[in-house]
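In this note's numbering, the protein residues as written are 6 to 247.
Glycine is no exception: its CB is placed at the ideal position from the N, C-alpha and C atoms.
The structure appears below as structure tokens.
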């Protein structure tokens, strides 16, 4: 039986992760703000972190010191966080993703394929909605899907994205990838990737009905990651897409 260490165990995702670990027949332990991360890393076989960007550096340091792999599902990461992840991945196995849902992982694959096969006359727009308490926008999943579309088009997402249009913005930029964010209620996560072409449109969608889908995906990723050597990994690798 594998012991899964949960960073942020009393949060909404932490509670779901504990349930998913038990559902899969594995043990779990956890900490919250102010807890001993080094002790958690030493006692668990693999860590899963959905807490906050501010806590990530200490968590990575503890994992490296204990030689334990980690799944990172925290969103709102900045460039320096990815640098820290790259550094940690020299010594341990790290899987970082904006979404651990197996359905979203497959959706990103389909988005990449569609973007690669439809010419730039097909505009790409990404619409996401989450609960009222979500603090970052666009969501990590929306950015993951945008990155998949950008890879399919072989363009740089940073230079080719349009977010938060307001007022007189002018015509839509040719070849741009647009993002729109909605917030309200208790929505766990809805995402639509719209390919709008001349006189026709394709929409690829995913609806999250419960946070357990993310928890189950994270547990599956954690159990897979235990058997990998040091390096940086992705969810598509977990389900055999790359």
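Residues of the same chain with a CB within less than 6 Å of the CB of residue 208, apart from the 5 flanking positions on each side, are 197, 199 in chain order. With fewer than three CB-CB distances shorter than 8 Å, the segment 240 to 247 does not count as touching the segment 47 to 67.
A distance of 8 Å or more separates the beta carbons of residue 72 and residue 36. Between residue 147 and residue 117, the gap from beta carbon to beta carbon reaches 8 Å or more. DSSP places residue 185 in the uninterrupted beta strand (DSSP E) bounded by 182 to 188. Per the coordinates, the alpha-carbon of residue 205 lies some 21 Å from the alpha-carbon of residue 151. The shortest C-alpha to C-alpha distance from residue 31 to any of 237, 232, 111, 225 is the one to 225.
Taking every protein chain shown into account, the CB of residue 101 has 16 or more other CB atoms within 10 angstroms, so this residue is buried.
Residues 102, 110 of the same chain have their beta carbon placed closer than 6 Å to that of residue 240, with the five preceding and five following residues left out of the count.
According to the DSSP assignment, residue 208 belongs to the beta strand (DSSP E) that extends over 205 to 212.
Under DSSP, residue 168 shares a beta bridge with 184. The alpha helix (DSSP H) runs of length 4 or more contained entirely in the segment 9 to 41 are, from start to end of the chain, 17 to 28.
Here the alpha carbons of residue 79 and residue 186 stand approximately 18 Å from one another. Per DSSP, the unbroken beta strand (DSSP E) holding residue 236 starts and ends at 236 to 238. For residue 63, the enclosing alpha helix (DSSP H) has its first and last residue at 58 to 71.
Each residue's CA atom was taken as its position, placing residue 201 and residue 211 some 18 Å apart. In the DSSP annotation of this structure, residue 123 is not part of any beta strand (DSSP E), being labelled neither H nor E. Under DSSP, residue 101 takes part in a beta bridge, and its partners are 77.
Excluding sequence positions up to five before and after residue 10, its CB lies within less than 6 Å of the CB of 34, 45, 49, 52, all in the same chain and listed in chain order.
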